[in-house]
Structure formats: C-alpha cells, structure tokens
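Novice: Right, I'll just put the structure down here and ask away after.
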Amino acid sequence: MGLICVFNGPNLNLLGTREPEIYGHDTLDDVESLCAEKCRILGHAMRFTQSNSEGDLVTWIQEARGKADGIVINPAAFTHTSIAIRDALAAFDGPFVEIHISNVHARESFRHHSYLSDIAAGVIVGCGVAGYGYAIDAVSRLIDKG
Ligand code: DQA
Numbered sequence: 195m196g197l198i199c200v201f202n203g204p205n206l207n208l209l210g211t212r213e214p215e216i217y218g219h220d221t222l223d224d225v226e227s228l229c230a231e232k233c234r235i236l237g238h239a240m241r242f243t244q245s246n247s248e249g250d251l252v253t254w255i256q257e258a259r260g261k262a263d264g265i266v267i268n269p270a271a272f273t274h275t276s277i278a279i280r281d282a283l284a285a286f287d288g289p290f291v292e293i294h295i296s297n298v299h300a301r302e303s304f305r306h307h308s309y310l311s312d313i314a315a316g317v318i319v320g321c322g323v324a325g326y327g328y329a330i331d332a333v334s335r336l337i338d339k340g
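Read in order, the letters of the sequence shown correspond to residues 195 to 340 in the numbering used here.
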C-alpha cells in the first residue's frame, strides 16, 4: 500500500461552474470522490488537495518527498508558466503523471507548452475528469513495478 498525492492548481476549485463547455459539470468534490474510489480499489492511501497559490503546490510537492510513492498533478495554468513547480517535481523521488481535463493541444497556443511534460512519467490530456482515474492507474502501475 502506497500513498498517492493528487494535487490541483488554480481555478480547479471552480470545476462544475467554470466554463462547463470545456471542463464539464463535475465538481472538484466529484473528482476527489472518483480519485478516492480508484485509490481504494488499487489499495493506496490518497492525499487530495487544491490551491490557487503556486507556493502551496511547491510546498506540497516538497512535503511528498520521502512520504508519497507517486504524484498525480493537474497544475492548471501553472503548467504553462512555472519553473518552480517543475523544479519541485524534479526533486521528487517517485513517478508523477500530469493530467489535464481539456485537450490543451486543441486550445490556444500558449497552452501547448508544458514545463512539466518532458520530466513526467506520463501525460493524460483531453479525457475529461475520467483522466484523473487513468492517471492514478498509471502511477499505481509504476509504483507496483518498483
Ligand atoms: C487545465 C488546462 C490549463 O490550460 C488551464 O489553465 C486549466 C485547466 C485542464 O485541466 O484542462 O486551468 O489544466
């Protein structure tokens, strides 16, 4: 049994009401329930958090060192801007999977670049909130492989 941290970046607290034509109608609570159920089935403990602050995300990633076995992260807009989050993830000792609800590659060009994707174990985009479950599956397999 390992610990999987699921970290969420800015504006994801508004899921369900924020641009539902892009992000759907599920709320962040719904996403947390989906992730908790997936972790329960796979036999992992879970920490699920969201912040609008870049510093919180950096701190949580640092705290995961030596404690969490894997990370699933939707850094939201920080994906496209944050070297600090990249550096924190590079210092994490386990696998992380980057997830985006929308297909960022089919959207504005500033969303096409990620500061994280080239150091991620995997990237899931455009699968809606179901992508969180796929990301947990992927991290879980990597943890089990050792
Ligand atoms: C997002 C995509 C980002 O470009 C955007 O800034 C978000 C959400 C997604 O889940 O599709 O806030 O990460």
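For every residue, glycine included, the Cβ atom is placed at its ideal position computed from N, Cα and C.
With a 10 Å radius around its C-beta and 16 neighbouring C-beta atoms as the bar for buried, classify ASN202 as buried or exposed.
Specialist: Classification for ASN202: buried.
Novice: Run the CB neighbour count on ASN268, radius 10 Å, all protein chains shown included, and call it buried at 16 or more, exposed below.
Specialist: Per the 10 Å Cβ criterion, buried.
Novice: Ignore the nearest five residues each way along the sequence and tell me which others in HIS299's own chain have a CB closer than 8 Å to its CB.
Specialist: Within the same chain, HIS299 has close Cβ partners ARG305, HIS306, VAL319 and GLY320.
Novice: Which of the three DSSP states is assigned to GLY316 in this structure?
Specialist: Correct three-state label for GLY316: strand.
Novice: Quick one, what's near ligand 1 if you take every residue whose CB is closer than 6 Å to any heavy atom, in chain order?
Specialist: Listed by chain position, these are ASN205, ASN268, ALA270, ALA271, THR273, HIS294, ILE295, SER296, VAL298 and ARG305.
Novice: So what does DSSP say about VAL298, is it helix, strand or coil?
Specialist: Helix, per DSSP.
Novice: Which residue wins for smallest C-alpha separation from ALA324, given the options ARG234, LEU336, LEU206 and ASP224?
Specialist: The shortest Cα separation from ALA324 among ARG234, LEU336, LEU206 and ASP224 belongs to ASP224.
Novice: Does DSSP put PHE201 in a helix, in a strand, or in coil?
Specialist: Here PHE201 sits in strand by DSSP.
Novice: Given a threshold of 16 other Cβ atoms within 10 Å of its Cβ, counted over all protein chains shown, does GLU292 qualify as buried or as exposed?
Specialist: Buried, because 16 or more other Cβ atoms sit within 10 Å of the Cβ of GLU292.
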